[in-house]
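Residue numbers (our numbering): 77 to 360. Just so you know, even glycine gets a beta-carbon here, dropped at the ideal spot from N, CA and C.
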Ligand SMILES: [Zn+2]
C-alpha cells in the first residue's frame with residue numbers, strides 16, 4: 077500500500093500560504109489500467125507530474141518550486157496533544173459568574189473542534205468561564221495543495237510565458253494524457269466487442285501540436301526520459317524514431333515492451349500495458 081507519515085510544510089511561491097503535503101513512506105504504483113502514455117486508472121498513487129495549485133491565490137506551480145518551510149507531524153497544530161478536559165468544564169460550580177448559557181457555548185465550541193478533527197490543547201482554551209466570550213476555537217490548520225483541474229489545462233497551456241519550462245513540461249504531459257482520454261473510452265468499448273481499438277485513433281491537430289511541444293521540452297529538460305520520448309514519436313506516427321530511441325534502452329519492462337511492440341506494428345494509438353500480475357481474464 078501507499079503509506080504516508082507526517083507532512084512537509086510548503087509555502088506557495090506567490091502568496092506564501094503554507095500548505096501541508098503528506099510524506100509518502102512507501103509507494104504502490106499499481107493501478108487498474110496503465111497506458112503507454114503514462115495514464116493510470118484507479119491508481120493508488122497519482123503524482124500528477126508534481127503540478128499543484130495554491131488553495132489561496134490559485135497560482136499553479138510545481139511542488140518542487142514551493143518554498144520548504146519545515147515539517148509537521150500533523151496538519152492540525154494541536155491534534156496530537158493529549159486531550160485534557162478543559163479547566164472551565166471542571167470549575168463552573170465554583171464560578172461566581174457561571175451560567176448554563178456559558179457552559180453550553182463552551183461545549184458547542186468544543187464540539188466544533190472535535191467535529192473538525194482537532195481537540196483543543198488546554199493552553200488554547202480560556203478558563204475564565206462565564207466572564208469571557210467563547211474560547212478561541214479556531215485551530216491552526218494547514219490547507220492541502222490542490223490538484224490542477226483537467227478542465228484548466230488548456231488555458232494553462234495557452235500561457236507558456238507565465239510559467240517555467242519545467243512546469244510547462246509537466247502541464248503538457250498532463251494535457252497529452254487528458255487529450256487521449258476520449259480515445260481510451262472508445263478503445264474500451266471496442267475491446268469489449270472483441271475488436272481492434274487501435275484503428276479508432278487519429279491524433280488531432282491540437283494533440284499533434286501539444287505532443288511536438290512536449291517533445292521539445294523533454295529533449296531540453298528531461299532527455300533521459302527515453303520511454304516517454306519514444307512513446308510521443310510513436311503516437312505521432314514516427315515509428316522509426318521511436319524504435320531508434322529505444323535501441324539504446326536496455327529495459328525489458330512491460331512499458332518498454334508495449335511501446336516497442338506497437339511501434340514495430342506501426343500502431344500509433346495509446347496502448348494498455350499488460351503486467352505479469354494481471355491475469356488475462358481481468359485485463360483487456
Ligand atoms: Zn498562493
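Any residues whose CB sits closer than 6 angstroms to a heavy atom of ligand 1? List them in chain order? Cβ atoms closer than 6 angstroms to ligand 1 belong to 88, 90, 91, 93, 130, 132, 133, 135.
For residue 342, which three-state DSSP category applies? Three-state result, residue 342: coil.
Should residue 225 and residue 147 be called a contact, given that it needs their Cβ atoms to be closer than 7 angstroms? Their beta carbons are not under 7 angstroms apart, which means residue 225 does not touch residue 147 by this criterion.
Is it buried or exposed, residue 136, if we count other Cβ atoms within 10 angstroms and call 16 or more buried? Here residue 136 is buried: its Cβ has 16 or more other Cβ atoms, across all protein chains shown, within 10 Å.
Applying the criterion that 16 or more other CB atoms from any shown protein chain within 10 Å of the CB defines a buried residue, is residue 262 buried or exposed? By the neighbour-count definition (other C-beta atoms within 10 Å, threshold 16), residue 262 is an exposed residue.
Please go through the same chain and pick out, in chain order, the residues whose beta-carbon is closer than 8 angstroms to the beta-carbon of residue 89, but skip the five residues on each side of it. Annotation for residue 89: 135, 137, 141, 142, 143 place their beta carbon closer than 8 angstroms to its own, counting only its chain and skipping 5 residues before and after.
Going by DSSP in three states, residue 262 sits in which element: helix, strand or coil? Residue 262 falls in the helix class under three-state DSSP.
Nearest CA to the CA of residue 322: which residue from 227, 116, 301, 281? Closest option to residue 322, Cα to Cα, is 301.
Status (buried if at least 16 other CB within 10 Å, exposed otherwise) for residue 100: Here residue 100 is exposed. Its C-beta has fewer than 16 other C-beta atoms within 10 Å.
Look up residue 300 in the DSSP assignment and say whether it is helix, strand or coil. Here residue 300 sits in coil by DSSP.
Let's test the definition: count the other Cβ atoms within 10 Å of the Cβ of residue 229 and tell me whether it reaches 16, buried, or not, exposed. Per the 10 Å Cβ criterion, buried.
What number of angstroms, rounded off, separates the C-alpha of residue 349 from the C-alpha of residue 264? Between the alpha carbons of residue 349 and residue 264 lies a distance of about 13 angstroms.
Between residue 328 and residue 304, what straight-line distance do the alpha-carbon atoms span, to the nearest angstrom? When rounded, the separation of the alpha-carbon atoms in residue 328 and residue 304 is 15 angstroms.
What's the gap between the Cα of residue 260 and the Cα of residue 320? Answer to the nearest angstrom: the Cα atoms are 27 angstroms apart.
If I'm right that residue 287 touches residue 312 with Cβ under 8 angstroms, what's the distance once you round it to whole angstroms? With 8 angstroms as the limit, residue 287 and residue 312 qualify as a contact, their Cβ atoms being about 6 angstroms apart.
Let me make sure I understand the geometry here. Which of 309, 344, 252 has the alpha-carbon closest to that of residue 124? From the listed residues 309, 344, 252, the smallest Cα separation to residue 124 is found for 252.
Please work out which residues of its chain come closer than 6 angstroms, Cβ to Cβ, to residue 199, disregarding the five sequence neighbours upstream and downstream, and give them in chain order. Reliability fails at residue 199, whose pLDDT of 35 lies under 50, so the model's placement of it is uncertain and no value is given.
The alpha helix (DSSP H) spanning residue 315 covers which residue range? Unbroken alpha helix (DSSP H) run through residue 315: 315 to 323.
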